[in-house]
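Visitor: Below is the structure I would like to discuss, written out as structure tokens.
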Amino acid sequence: SGKYQGMQAWIRERSENAVYIPCCAHSLNLVGQCAVDCFTAISFFSFVQKAYVFFAASTKRWKILLERLAEANEKLTVVKNLSETCWSAHADAVTDQQKGYDRIKAALDHLSCDDSQKPDTQIEAQGLSKTMEKLEISIMTEIWYTILERFHKTSAKLQDPKMDLNTAVVLLESLHAFINSLRSQFSHFE
Numbered sequence: 001s002g003k004y005q006g007m008q009a010w011i012r013e014r015s016e017n018a019v020y021i022p023c024c025a026h027s028l029n030l031v032g033q034c035a036v037d038c039f040t041a042i043s044f045f046s047f048v049q050k051a052y053v054f055f056a057a058s059t060k061r062w063k064i065l066l067e068r069l070a071e072a073n074e075k076l077t078v079v080k081n082l083s084e085t086c087w088s089a090h091a092d093a094v095t096d097q098q099k100g101y102d103r104i105k106a107a108l109d110h111l112s113c114d115d116s117q118k119p120d121t122q123i124e125a126q127g128l129s130k131t132m133e134k135l136e137i138s139i140m141t142e143i144w145y146t147i148l149e150r151f152h153k154t155s156a157k158l159q160d161p162k163m164d165l166n167t168a169v170v171l172l173e174s175l176h177a178f179i180n181s182l183r184s185q186f187s188h189f190e
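For the sequence shown, the tail end lands on 190 under full-length UniProt numbering, and the numbers increase by one without skipping.
In structure tokens, the structure reads:
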């Protein structure tokens with residue numbers, strides 16, 4: 001905790017009378033960490049990480065992924081690694097999965113049928129591809145993309161050194177209202 005180490009402790013060490021004002025962006029990051037502390041979210045982000053690890057473990061697989069992404073009419077970026085502490089990494093990873101969903105699946109399908117791959121690689125690719133076929137994964141991709149895109153933008157604005165408290169409150173209230181509005185939009189994601 002910042003109370004015992006970090007910037008807050010450093011400031012208190014130099015001045016006992018210093019008042020500590022928590023960082024809104026850090027507090028928002030903690031909210032994000034708590035938001036994914038349920039089975040469904042953990043399962044989804046575990047899948048996102050498994051897909052990244054699968055492709056990143058081999059330059060051949062990575063090349064096939066890049067080739068499939070290049071086939072798209074728009075510029076798509078590669079899958080990303082998740083970070084335990086940096087929520088922008090989650091936003092980037094889910095954005096890449098959402099934008100390149102069909103291309104990532106095509107790369108997995110290619111690898112599952114590629115006889116030049118080891119059998120365990122083919123089986124793992126097939127398993128990941130079948131997971132991507134599940135409605136739950138595609139819905140979770142869309143929902144988390146929508147949430148994390150807004151979450152990331154809000155967090156970036158909160159980290160602006162010129163941010164004032166009134167604007168920070170408005171941003172957080174807006175994010176809260178946005179998240180609440182998503183509860184009634186399940187049919188949109190389905």
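Backbone N, C-alpha and C define an ideal beta-carbon position, used for all residues, glycine too.
Can you tell me the Cβ-Cβ gap for Thr-40 and Gln-98, rounded? I've got them flagged as a contact below 8 angstroms.
Guide: Their Cβ separation, rounded to whole angstroms, is 17 angstroms, which puts Thr-40 and Gln-98 out of contact at 8 angstroms.
Visitor: Spatial neighbours of Ser-129 within its chain, please: CB distance less than 8 angstroms, with the 5 preceding and 5 following residues excluded, ordered by chain position.
Guide: Lys-105, Leu-108, Asp-109, Ser-112
Visitor: Kindly indicate which three-state DSSP category Ser-138 falls into: helix, strand or coil?
Guide: Correct three-state label for Ser-138: helix.
Visitor: With a 10 Å radius around its C-beta and 16 neighbouring C-beta atoms as the bar for buried, classify Ile-123 as buried or exposed.
Guide: exposed
Visitor: Return the residue from the list Leu-182, Phe-54, Ala-91, Val-79 that minimises the CA-CA distance to Asp-102.
Guide: Val-79
Visitor: What separation, rounded to the nearest whole angstrom, lies between the Cα atoms of Asp-37 and Thr-77?
Guide: 27 angstroms
Visitor: Within 9 angstroms (strictly less), CB to CB, does Ser-129 reach chain C?
Guide: Given the protein chain composition of this structure (a single chain), no chain C is represented.
Visitor: Below 8 angstroms on the Cβ atoms is my contact criterion, and I expect Trp-87 with His-152 to pass it. Report the Cβ-Cβ distance as a whole number of Å.
Guide: About 7 angstroms separates the two Cβ atoms, so the contact holds.
Visitor: Residues in its own chain within less than 6 angstroms of Ala-25 by CB, not counting five upstream and five downstream?
Guide: Ser-155, Leu-158, Gln-159
Visitor: For Asp-92, count the other beta carbons within 10 Å of its own beta carbon; 16 or more makes it buried, fewer makes it exposed. Which is it?
Guide: buried
Visitor: Report the CB separation of Thr-146 from Ile-137 in whole angstroms; it is logged as a contact under 8 angstroms.
Guide: Contact doesn't hold; Cβ gap of about 15 angstroms is too wide.
Visitor: Between Ser-116, Lys-60, Ser-174, Gly-100, which has its C-alpha nearest Ala-72's C-alpha?
Guide: Scanning Ser-116, Lys-60, Ser-174, Gly-100 for the CA closest to the CA of Ala-72 turns up Gly-100.
Visitor: Determine the direct distance from the alpha carbon of Glu-133 to that of Ser-46, and round the result to whole angstroms.
Guide: 16 angstroms
Visitor: Using the C-alpha atoms, what's the distance from Asn-17 back to Ser-1?
Guide: Low confidence applies here, because Ser-1 scores a pLDDT of 47, under 50, leaving its location unreliable and the question unanswered by this model.
Visitor: For Val-48, which residues in the same chain have their Cβ closer than 7 angstroms to its Cβ, ignoring the five residues on either side in sequence?
Guide: Leu-82, Ala-93, Val-94, Gln-97
Visitor: Mind checking whether Phe-178 and Ile-139 have CB atoms under 9 angstroms apart?
Guide: no
Visitor: With 16 other CB atoms within 10 Å as the buried threshold, where does Trp-10 fall?
Guide: exposed
Visitor: To the nearest angstrom, report how far apart Glu-149 and Arg-61 are at their CA atoms.
Guide: 28 angstroms
Visitor: Please state the DSSP three-state secondary structure of Ser-1.
Guide: Because Ser-1 carries a pLDDT of 47, less than 50, the predicted location of this residue cannot be relied on, and the following value inherits that uncertainty. Residue state, collapsed to three classes: coil.
Visitor: Secondary structure at Arg-160, three-state DSSP: helix, strand or coil?
Guide: For the sequence presented, residue 160 should be read as Asp rather than Arg. Note: Asp-160 maps to coil in three-state DSSP.
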